[in-house]
Amino acid sequence: MRIFIDDGSTNIKMLWEQDGETFTHISPNSFKRGWSATFGSGKPFNYTVDDEKYSFDLITPDALPTNNIDWQYSPLNSIAVHHALLTSGLEPQDVEIVVTLPLTEFYDEDAQYRLDNIERKKKSLLREVKLNKGVVFNITKVTVRPESIPAGISLCDELKPSHSVLIIDLGGTTLDISMVAGQMTSVSRIYGDPKLGVSLVTDAVKLALARANTDTSSYNVDQIIINRHDEEYLTDNINDPDAVSEVKKVINNSIERLTTRVLTAIDSFKGYSHAIVIGGGRAAGCRRHS
Numbered sequence: 598m599r600i601f602i603d604d605g606s607t608n609i610k611m612l613w614e615q616d617g618e619t620f621t622h623i624s625p626n627s628f629k630r631g632w633s634a635t636f637g638s639g640k641p642f643n644y645t646v647d648d649e650k651y652s653f654d655l656i657t658p659d660a661l662p663t664n665n666i667d668w669q670y671s672p673l674n675s676i677a678v679h680h681a682l683l684t685s686g687l688e689p690q691d692v693e694i695v696v697t698l699p700l701t702e703f704y705d706e707d708a709q710y711r712l713d714n715i716e717r718k719k720k721s722l723l724r725e726v727k728l729n730k731g732v733v734f735n736i737t738k739v740t741v742r743p744e745s746i747p748a749g750i751s752l753c754d755e756l757k758p759s760h761s762v763l764i765i766d767l768g769g770t771t772l773d774i775s776m777v778a779g780q781m782t783s784v785s786r787i788y789g790d791p792k793l794g795v796s797l798v799t800d801a802v803k804l805a806l807a808r809a810n811t812d813t814s815s816y817n818v819d820q821i822i823i824n825r826h827d828e829e830y831l832t833d834n835i836n837d838p839d840a841v842s843e844v845k846k847v848i849n850n851s852i853e854r855l856t857t858r859v860l861t862a863i864d865s866f867k868g869y870s871h872a873i874v875i876g877g878g879r880a881a882g883c884r885r886h887s
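Everything in the sequence shown is counted per our numbering, starting at 598 for the first residue and increasing by one.
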């Protein structure tokens with residue numbers, strides 16, 4: 598079976614076909630060092646990789662950071678991919694996976710393949726991952742593709758070669774922008790910022806929540822950002838009710854900062870006829886502009 602995986606810093610997103618149907622699955626990244634305790638009927642996901650122990654923990658404020666480029670080649674990335682496979686509903690089996698790298702990791706400054714990074718990514722995901730008292734998937738082959746560009750294939754197929762598409766991929770850690778000719782006849786230009794992503798908002802909000810006596814996981818921070826217009830949700834999830842307005846202010850100001858920086862990057866591109874925005878930050882970090 599071949600499974601397509603977008604192994605982003607915030608979530609692992611999967612797509613596969615089985616018996617003529619297309620399936621998708623999203624698995625959040627929230628892992629800590631050490632194993633979790635068994636309690637009741639709940640089954641902990643305790644992993645070992647490179648002789649180090651890790652476990653999945655959705656609420657811990659001590660979740661290991663994933664908002665950096667090193668994440669792409671880390672043991673934690675390998676665990677996150679295996680965890681997504683194990684929670685997909687599929688039975689453990691031999692699988693081929695297709696994963697991605699940010700544009701700045703996939704291409705060099707001359708827009709040529711960075712074969713060393715591509716091989717490094719493959720090797721990282723082929724490393725052995727063990728699940729305590731469980732069986733994991735056997736990854737038999739890894740194919741690496743650039744982020745963002747494949748997302749424009751369907752739109753490019755509908756356009757004339759003289760038209761072009763600006764593909765803006767705003768993720769948790771990186772911003773990738775590519776300008777692609779209609780019908781995918783050529784890639785005119787690529788741009789990547791490995792330090793600009795939704796983490797700019799998440800990190801600021803996490804600090805604001807800590808000041809509000811609400812130390813929590815990055816997953817829960819993301820949920821607060823997503824539900825920022827729901828007063829009842831905010832009041833229920835922020836321990837200091839007097840700090841709700843301040844947290845909302847930090848969210849809005851951080852989103853504005855992110856938006857400004859993304860639009861500045863977009864403004865360096867000229868001559869495109871169409872544009873699409875993808876990635877986990879598309880709702881927060883990009884808005885229509887002229």
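Yeah, the Cβ is synthetic: ideal placement off N, Cα and C, and Gly gets one too.
Relative to Gly768, the option among Glu649, Thr663, Ala801 and Ser814 whose CA is nearest is Thr663. Judged by DSSP secondary structure, Ser842 falls within the alpha helix (DSSP H) whose first and last residues are Val841 to Ile863.
In the three-state scheme derived from DSSP, where H, G and I count as helix and E and B as strand, Glu649 is classed as strand. For Lys845 against Arg825, the beta-carbon gap comes to about 6 Å, under 8 Å, which counts as contact.
Its chain contains no residue whose beta carbon lies nearer than 7 Å to that of Asp839 once the 5 sequence neighbours on both sides are disregarded. For Glu744, the CB contacts under 7 Å within the same chain, skipping 5 residues up- and downstream, are Thr697, Leu698, Pro699, Leu700, Asp766 and Asp773 in chain order.
Per DSSP, reduced to three states, the secondary structure at His871 is strand. The segment 676-686 makes contact with the segment 728-738, as at least three CB pairs between them are under 8 Å. A residue is called buried when at least 16 other Cβ atoms come within 10 angstroms of its Cβ; Met776 meets this threshold and is buried. Between the segment 631-642 and the segment 650-657 there are three or more C-beta pairs closer than 8 Å, enough to call the two in contact.
Bounds of any beta strand (DSSP E) do not take in Asn664, whose DSSP letter is neither H nor E. Shown here for Lys610: same chain residues with a beta carbon closer than 6 Å to its own, the five before and five after excluded, namely Asp603 and Ile623 in chain order. The Cβ-Cβ distance between Ile848 and Val802 falls below 7 Å. Going by DSSP, His622 is part of the beta strand (DSSP E) stretching over Glu618 to Pro625. Annotation: Thr607 to Thr621 spans about 16 Å, alpha carbon to alpha carbon.
Annotation: the continuous alpha helix (DSSP H) that includes Lys720 extends over Leu712 to Leu722.
The alpha-carbon separation between Val646 and Ser865 amounts to approximately 42 Å. According to the DSSP assignment, Phe601 belongs to the beta strand (DSSP E) that extends over Arg599 to Asp604.
Annotation note: the segment 760-818 contains the following uninterrupted alpha helix (DSSP H) runs of length 4 or greater, listed N- to C-terminal: 796-808.
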